[in-house]
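This note's numbering numbers the first residue of the sequence shown as 4 and each following residue consecutively.
Using N, Cα and C, we set each Cβ at its ideal position, and we do this for glycine too.
Note that the structure is a prediction, hence the values are computed from the model and not measured.
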Amino acid sequence: SGSPGGSPAAPEETSLPASRGSTRDFKRRGSYTEIMREPLLLSLAVTVNSSARRRAGLYEDALRHFQRAEFLQARGILEGMLDEDSGLVDGPADLLLKRTKTYIAEDGVSVANLTPEQLKDWDGIHNLDEK
């Protein structure tokens, strides 16, 4: 669609924050690669992705320990991760930590709430127990 004179309409303008307390105008072109050419936006995307990748890797490490019934190691990773980023809400990590602590005895070292047979067959899969 164009203007009444037949020329194409100008791209819609929008403001995106460039840094704290300032804004920068960008023309909406509908192209992710054009936006990512902006150094600030690219650096923010790389920073966020790097942090998210690091957290995902830590979570996966903790999950592997949990699946091997290595509850102390899983707890250490999860508590460290959650303490490091205490302002962040991480539902999956919180839930895995809660489940991990279920299997650590009050002495902080022994396995609890699993029989020797259950421990031998442990795979870490959690069956749905609530809706």
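Of the candidates PRO95, LEU100, GLU87, LEU100 places its Cα closest to the Cα of ALA77. Taking C-beta atoms as the reference points, ALA72 and TRP125 count as a pair closer than 9 Å. Look at the segment 72-117 and you find no whole run of beta strand (DSSP E) that is 3 residues long or longer. In the same chain as ASP64, and ignoring 5 residues on each side of it, the C-beta atoms closer than 6 Å to its own belong to ILE80, in chain order.
DSSP, read as helix, strand or coil, puts HIS129 in coil.
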